[in-house]
Amino acid sequence: MKKDGNFFIDNDDFKTLNDELIVRYDSYTVDGIWAQADENLSALEEKYRKTHRNLRPHLDIILPFIAIYKVLLNVCPSDAMELVAEQSKMNAIRERKAIVELCNRKPQQFLKECRSMTKKDFSEKALFSCSVTEETKTSFTFEITENAYLIICTGNGCPELAQIFNDRFTYLYSHLPEIKFKRTGTLYTPPVKKQDGDSESEDGEQEAAPVEKATFTFELKTERE
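Its first residue numbered 0, the sequence shown is counted upward by one per residue in numbering that gives the first Met the number 0.
This is the structure we're talking about:
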């Protein structure tokens, strides 16, 4: 991740969003949006400067979206979530190309890398609670009950943003060649809107609903599939 205070300038990971902002606003406003996002990101990077290396890959995904989302909540609050969700989707689709290529050429290697990724990137040191529930030569199943995306987003006042990272798994891994992907549950459940008469938390705000268990399975397809 670029550290020079110009992370978002000419960054392909935010091109879709930038193109949409250019359509909506004048250049002065757009430049101001990205400048504020860079300031937010610098503050977030400082906040998480001393973190375990296993968490770093997740922070590189999460923090930029928190930074720009906070700006968009002030500029266009009704569209903020839709805008960042579309950008996250486009990023996942682009990243998916390398996954598809690997699954086409070496599906067994893909399963091997999934096992390695799960044990490292979804470890407790990366703020995940993850356990392998089934492992064979042709399949791999694990479940997540706590995840860094919800923890980090909640800790920065935007638990709802965890939804775009929950969706990211689906965009990355659904309908892969040679690999069957199944998931149950979710990594984020939106909080239930309080009705009149419902009690509130001590600070008067709704808390994020507890994460539900999410189970993921990768399995080699048979010749008939």
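Glycine included, every Cβ here is placed at the ideal spot set by N, Cα and C.
What residue range does the alpha helix (DSSP H) around residue i cover?
{"i": "residue 145", "result": "Here residue 145 belongs to no alpha helix (DSSP H); instead the beta strand (DSSP E) covers 138-145."}
{"i": "residue 27", "result": "26-46"}
{"i": "residue 122", "result": "First-last for residue 122: undefined, no H or E at that position."}
{"i": "residue 49", "result": "Residue 49 -> no alpha helix (DSSP H), and no H or E assigned at all."}
{"i": "residue 18", "result": "14-23"}
Are residue i and residue j touching if we call contact CB-CB under 8 Å?
{"i": "residue 185", "j": "residue 165", "result": "yes"}
{"i": "residue 125", "j": "residue 51", "result": "yes"}
{"i": "residue 15", "j": "residue 86", "result": "yes"}
{"i": "residue 62", "j": "residue 40", "result": "yes"}
{"i": "residue 144", "j": "residue 212", "result": "yes"}
{"i": "residue 120", "j": "residue 53", "result": "yes"}
{"i": "residue 101", "j": "residue 107", "result": "no"}
Per DSSP, residue i is paired with what?
{"i": "residue 75", "result": "None, per the DSSP bridge assignment."}
{"i": "residue 178", "result": "175, 219"}
{"i": "residue 183", "result": "214"}
Please report the residue range of the beta strand (DSSP E) in which residue i lies.
{"i": "residue 129", "result": "128-134"}
Contact defined as beta carbons within less than 8 Å: I believe residue i pairs with residue j. What is the distance between those atoms, to the nearest angstrom?
{"i": "residue 179", "j": "residue 218", "result": "5 Å"}
{"i": "residue 74", "j": "residue 32", "result": "6 Å"}
{"i": "residue 37", "j": "residue 13", "result": "With a Cβ gap of about 11 Å, residue 37 and residue 13 do not count as contacting."}
{"i": "residue 129", "j": "residue 137", "result": "So it is not a contact: roughly 21 Å between Cβ atoms."}
{"i": "residue 20", "j": "residue 98", "result": "Incorrect: roughly 29 Å between the Cβ atoms, too far for contact."}
{"i": "residue 182", "j": "residue 135", "result": "With 8 Å as the limit, residue 182 and residue 135 do not qualify as a contact, their Cβ atoms being about 18 Å apart."}
{"i": "residue 161", "j": "residue 171", "result": "No, residue 161 and residue 171 are not in contact; Cβ-Cβ is about 16 Å, not under 8 Å."}
{"i": "residue 103", "j": "residue 177", "result": "7 Å"}
Quiz item: Is there contact between the region 90-101 and the region 65-79, where contact requires at least three CB pairs shorter than 8 Å?
Solution: no
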